[in-house]
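For reference, the structure discussed in these notes is given below.
Residue numbers (our numbering): 128 to 626.
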């Protein structure tokens, strides 16, 4: 039976439901993912279930960096400066690395396979570590031959018992029966290496692996406990994402200028946490439904003077977001529009006065919704964030980039094509039809959950937040199979840890 038709427990009218724009609206709009998260484990593999997607970890750093830039920009505008100094890139990267530490190290993150460390980087590290152990080579290709002969996954290997000594050096103890990736090594074709006996090879490679691990450029804020939970490959992949994040953030001022808006509020939380009471917006027409959420960015159009809601996205490509009317169909953006307009129109809401102080106007509505997509593409070989001159001075107003004919600047276009991009999806007008459709949609979702006899039906709008191609339970939803799924305790409303 597909997950979209799973049985539900009965809820009493007094049981509140909370839909969050960043999480529950998208999951409730696409019930399969919501149900799999709170009713089923995705698979029997508990370790795999605990992995955090790289999109979320990287998103924390990008969102933070963008927010820091916009805060500094707004201060500079109010002070009527023409340029300002900002270290928003370094601060954004710090948030990214802190987030990796918070989730428990690089091995808790599901990194995309195409972001794995470059072979050349590993060969250079391997060559240096072997040289430290007295083994040098006349041919540049020899370290690569040794790398290819090692067991698959050796770069992700971590000893079971490991920690850092007082000097910050990794030390570990192998159990008597503990296997290592270096217990068996194939013939490499490198005579000097192949001539060693198996035990000598094993001890040499363990020492080399340890040297490589200790040579990594660890963030100073990471504790020894966190470092010991990070593999060589895991850290190097995270480091490549840091290069990407730094480059994207360095391009953000230009991308933001092309939006032609002025910041009003970033990361605007419509429901500050209060353990004593439910916060957010209670939907008047509902049984007992509360809306919460944090909007990425609210700005004012420089031409019209009207509010625009903008959402930052990290995506593998921009094509999905460039469809006409895409932003209008997003349950997430509609969710934030409803929250913002409700608070501005309701003087009794606790956030009403604080929003007016930020620069909102009583009772005003949004004129547009828009996505800005940070396109995830690996950095070219040899590129490093060290190439950026930071902190730097940034202009308060940047002119939009000139569009040039292809034949005028073919070489530059080729270079730019190798680098990641920031793409502004088309801005869509907020209409009364959007507002009505959103309200109707969330009321239907509540009715679906409260009535045992009603089926959980996925909404077509759900795909605009969580495309099926990215959904971890799409195969079970579409085929109806239940293999590898495990029932877990149904938890509504979610616990504080889920908020």
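Built from N, CA and C at the ideal position, the CB exists for glycine as well. All values derive from a computational prediction rather than experimental measurement.
Item                                                                                                                                                               : Value
Which runs of the alpha helix (DSSP H), 4 residues or longer, sit entirely within the region 190-241?                                                              : 215-230
Grouping DSSP H, G and I as helix and E and B as strand, with all else coil, what is residue 456?                                                                  : helix
Just curious, the beta strand (DSSP E) that residue 522 is in, first and last residue?                                                                             : 519-522
Report yes if the CB atom of residue 204 is closer than 7 Å to the CB atom of residue 522, and no otherwise.                                                       : no
Looking at C-alpha atoms only, which residue of 499, 323, 140 and 225 is the closest neighbour of residue 381?                                                     : 499
Measure the C-alpha to C-alpha separation of residue 524 and residue 200 and round it to an integer number of angstroms.                                           : 9 Å
In its own chain, which residues sit with a C-beta less than 8 Å from the C-beta of residue 143, not counting the 5 before and 5 after it?                         : 405, 415, 416, 417 and 620
Could you have a look at residue 439 and say whether DSSP puts it in helix, strand or coil?                                                                        : strand
Under the rule that 16 or more other beta-carbon atoms within 10 Å means buried, what is residue 512, buried or exposed?                                           : buried
According to DSSP, is residue 288 part of a helix, a strand, or is it coil?                                                                                        : strand
With burial defined as no fewer than 16 other Cβ atoms inside 10 Å of the residue's Cβ, what is the status of residue 375: buried or exposed?                      : buried
Which residues in the same chain have their Cβ closer than 6 Å to the Cβ of residue 152, if we skip the five residues on either side of it in sequence?            : Low per-residue confidence applies at residue 152: pLDDT is 45, beneath 50, and the placement is therefore not dependable, though the value from the model is reported in the following sentence. Excluding positions up to five away in sequence, the list reads 146, 458, 459 and 462.
Report the residue from 468, 439, 484 and 349 whose alpha carbon sits nearest the alpha carbon of residue 227.                                                     : 349
From 562, 377, 514 and 245, pick the residue whose C-alpha is nearest to that of residue 454; which is it?                                                         : 562
Residue 505 to residue 195, Cα distance in whole Å?                                                                                                                : 24 Å
Judging by CA-CA distance, which residue of 253, 402 and 407 is the nearest neighbour of residue 340?                                                              : 253
Since residue 371 and residue 547 are thought to touch, with beta carbons under 8 Å apart, how far apart are those beta carbons, to the nearest angstrom?          : 6 Å
Using a Cβ-Cβ cut-off of 8 Å (strictly less than) and excluding sequence neighbours within five positions of residue 515, which residues of its own chain qualify? : 216, 373, 374 and 377
In three-state terms, what does DSSP make of residue 496?                                                                                                          : strand
Candidates 483, 572, 309 and 235: which alpha carbon is nearest residue 358's?                                                                                     : 235
Roughly how many whole angstroms lie between the Cα atoms of residue 567 and residue 290?                                                                          : 55 Å
Going by the CB atoms, is the gap between residue 557 and residue 496 shorter than 7 Å?                                                                            : yes
Could you give the distance in angstroms between the alpha-carbon of residue 442 and the alpha-carbon of residue 448?                                              : 9 Å
Check whether the region 294-304 and the region 250-266 are in contact - that is, three or more C-beta pairs closer than 8 Å.                                      : no
Under a Cβ-count criterion, where at least 16 other Cβ atoms within 10 Å of its own Cβ denotes burial, should residue 503 be classed as buried or exposed?         : buried
Name the one or two DSSP bridge partners that residue 427 has.                                                                                                     : 389 and 434
Distance, Cα to Cα, residue 338 vs residue 293?                                                                                                                    : 17 Å
Rounded to whole angstroms, what is the Cα-Cα separation between residue 351 and residue 296?                                                                      : 9 Å
Do the CB positions of residue 423 and residue 401 come within less than 7 Å of each other?                                                                        : no
Less than 8 Å between C-beta atoms, sequence neighbours within five positions excluded: which residues of the same chain meet that for residue 202?                : 211
On the DSSP letters alone, give me the boundaries of the alpha helix (DSSP H) that residue 146 sits inside.                                                        : Run containing residue 146: none in the alpha helix (DSSP H); it sits in the beta strand (DSSP E), 144-147.
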